[in-house]
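Residue numbering for the sequence shown follows the numbering used here, beginning at 295 and increasing consecutively.
Glycine is no exception: its CB is placed at the ideal position from the N, C-alpha and C atoms.
Right, one structure below, let's go through it.
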Amino acid sequence: MNASSIKPILDKHGEAKRDALIPLLQDVQEAVGYLSREAVIEIGRHLKLPASKIYGVATFYNQFRFLPQGQHHVQVCRGTACHVKGSDMVLKAVMRHLDVEPGQTTKDGLFSLEVVACLGVCGLSPVITVDGDVYAGVTSDSVRKILASYRRKADENAPAA
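As structure tokens, then:
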């Protein structure tokens with residue numbers, strides 16, 4: 295990611311001031327997928343703010359990411375209903391099968407893992423989502439099957455070598 299890739303976004307915001315920071319961060323993340331170090335520096339230059347201020351605001355809100363996401367975004371619900379029904383074991387299974395911690399992306403770039411406070415489908419607990427698709431009543435064993443199905447699809451769609 296280089297500075298020129300966000301130039302159209304910065305231009306769209308024109309002579310923006312500090313109050314445009316969050317919309318600007320949102321626009322850059324939507325276009326690029328995350329907020330790179332280079333993007334933060336360029337946003338700071340554009341708004342005449344130090345990068346430390348940009349990071350201070352961006353890290354306050356959990357909507358902003360500083361690393362590229364995987365092709366498939368996995369969310370594990372840790373809300374009360376999911377917790378009571380065993381989401382801790384589900385989370386551990388996801389982490390084990392993907393070999394990542396929450397907030398990380400697999401080495402192959404296929405999966406990103408995020409822990410969320412509540413997905414709002416408590417009656418289906420424990421729940422995970424993959425790319426927004428809800429999987430209900432998840433167990434450690436079903437995690438393996440769900441993730442394997444996404445890996446198979448990726449392998450099937452991979453260009454032949």
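C-alpha distance - residue i paired with residue j, whole-angstrom precision
i      : j      : result
Asp321 : Gly350 : 18 Å
Leu304 : Tyr355 : 21 Å
Ser381 : Leu315 : 36 Å
Ile337 : Val326 : 13 Å
Val378 : Cys416 : 11 Å
Ala387 : Glu332 : 35 Å
Val456 : Asp402 : Residue 456 falls outside the range modelled here, since the chain spans only 295 to 455, and no answer is possible.
Leu343 : Lys301 : 17 Å
Val394 : Leu441 : 13 Å
Met389 : Lys439 : 14 Å
Asp435 : Glu324 : 34 Å
Ser406 : Glu309 : 35 Å
Thr400 : Leu392 : 6 Å
Gly426 : Cys376 : 17 Å
Val437 : Pro362 : 23 Å
Arg372 : Val410 : 6 Å
Val428 : Cys412 : 12 Å
Neighbourhood of residue i by C-beta, 8 Å cutoff - its chain only, sequence neighbours within 5 removed
i      : result
Leu404 : Gly364, Gln365, His366, Tyr444, Arg445, Ala448
Ala352 : Leu319, Leu329, Val334, Phe358, Phe360
His307 : Ala314, Pro317, Leu318, Asp321, His340
Glu408 : His367, Val368, Gln369, Val370, Pro396, Gly397
Close beta carbons around residue i, own chain, < 7 Å, minus the five adjacent residues each side
i      : result
Val432 : Val384, Pro420, Val421, Ile422
Ser299 : Val326
Burial state of residue i, where buried means 16 or more other Cβ atoms lie within 10 Å
i      : result
Asp368 : Here residue 368 turns out to be Val, not Asp, going by the sequence shown. Flag for Val368 reads buried.
Thr374 : exposed
Ser346 : exposed
Lys311 : exposed
According to DSSP, residues forming a beta bridge with residue i
i      : result
Val370 : Val409, Ile422
Asp321 : Asp321 is not bridged to any residue.
Asp427 : Val424
Neighbourhood of residue i by C-beta distance below 6 Å, restricted to the same chain and skipping five residues each side
i      : result
Ile348 : Val334, Ile337, Gly338
Asn451 : none
Ala430 : Leu418, Val421
Pro453 : none
Report the residue ranges of all alpha helix (DSSP H) runs contained in full by the stretch 347-404; include only those spanning at least 4 residues, in chain order. 374-378, 381-392
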